[in-house]
Structure formats: C-alpha cells, structure tokens
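S.K.:
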Amino acid sequence: MDVGSVASSLVPSTQNENVSIVNNSGGNSGASESPLPPAILRSLGDRSYDKRKNAALEIEALIKSLQENTDTDRICSVIAMLGQDFATSTNANHRKGGLIGLAATAIGLMSDISLYLDALLPPVLHCLDDPESRVRYY
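Using the numbering used here, the letters of the sequence shown correspond one by one to residues 33 to 170.
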C-alpha cells in the first residue's frame, strides 16, 4: 500500500463497527486546522530525543482523552498528520518524530487500535525502508 493513498482528510465509517479511511477530495485542511497544538508539532520535529519523547507523551494523553470522548474524526486527523507531514518528511528528525508520535497514538488507543490499523501501518512500513539507518531502527 502506498503512503500517498492514505487520505488527506479522514472520515470514519462505523459500518461493521470498524473505522475505515475514506478519501475526501473535496478539500484539503489548512495548517490553521491542525489537530495538534503548535508546541507539540515543534517538539516532534526537534533534534533532541527528549523533546520528541515529551511531545509523544502529550500526544498519547491527547489520544486517550479523544478516545474517551469518542472523537474519531480528530483521532483520524492526528494519524493522518503524523503519517503525511512527519513520517514521510524529507527531514530525518521529523520522520523519527512521526514514528514516535504514531507509537504514542497506538499506545493511547489501547484496545481500540484495531479500528485504526489501516491508517497507522502504512507510514510505519514506509519508514522501515528509510535510507537513514537511525530512522529504520527507531
């Protein structure tokens, strides 16, 4: 599966009690509608592992609260942002931040992770083929 095929805007479908990803070609969400606060976005792409780790912990807490409120739209938009803007970035630190952010998202989803695997796995698999070894083994 190509990472580019992951929808730029995600819409959950509750058929068969699974969340499926549907491509909305009607528009692209702007940077002002970011599902993550700017401070987390900055820290996620930082050179420092500790800053990326702290951003991931904040993402995990955010995902847990969104899961409690059943805000699947926002969870899907966080996954899409991490997969598109970070995990496929040209900057190695952003790719590492995307991976740790996706891991934090998976941890935050806990038992409901199976509903989001279709969106979580492609960016992770893409990073396994990364030219930089530090990203591959992250």
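Just so you know, even glycine gets a beta-carbon here, dropped at the ideal spot from N, CA and C.
Out of curiosity, what's the CA-to-CA distance linking L68 and S109?
M.R.: L68 and S109: Cα-Cα distance of roughly 9 Å.
S.K.: Taking only three categories from DSSP, how would you classify D82?
M.R.: D82 falls in the helix class under three-state DSSP.
S.K.: Ignore the nearest five residues each way along the sequence and tell me which others in I132's own chain have a CB closer than 6 Å to its CB.
M.R.: Hits under 6 Å: R84, A88.
S.K.: Report all residues from its chain with a CB closer than 6 Å to the CB of R106; omit the five preceding and five following residues, and keep chain order.
M.R.: Contacts found: P67, L98.
S.K.: Does DSSP put N125 in a helix, a strand or coil?
M.R.: Helix, per DSSP.
S.K.: Which runs of the alpha helix (DSSP H), 4 residues or longer, sit entirely within the region 74 to 120?
M.R.: As far as the region 74 to 120 is concerned, its whole alpha helix (DSSP H) runs of at least 4 residues are 81 to 100, 104 to 113.
S.K.: Given this structure, state the Cα-to-Cα distance separating A124 from Y169, to the nearest angstrom.
M.R.: Distance between the alpha carbons of A124 and Y169: 12 Å.
S.K.: Helix or strand or just coil, what does DSSP make of P154?
M.R.: Note: P154 maps to helix in three-state DSSP.
S.K.: Report, in whole angstroms, the separation of the C-beta atoms of G140 and I95, which I expect to be a contact under 8 Å.
M.R.: That belief holds up - the Cβ atoms of G140 and I95 are roughly 3 Å apart, short of 8 Å.
S.K.: Classify A93 as buried or exposed, calling it buried when 16 or more other Cβ atoms lie within 10 Å of its own Cβ.
M.R.: Per the 10 Å Cβ criterion, exposed.
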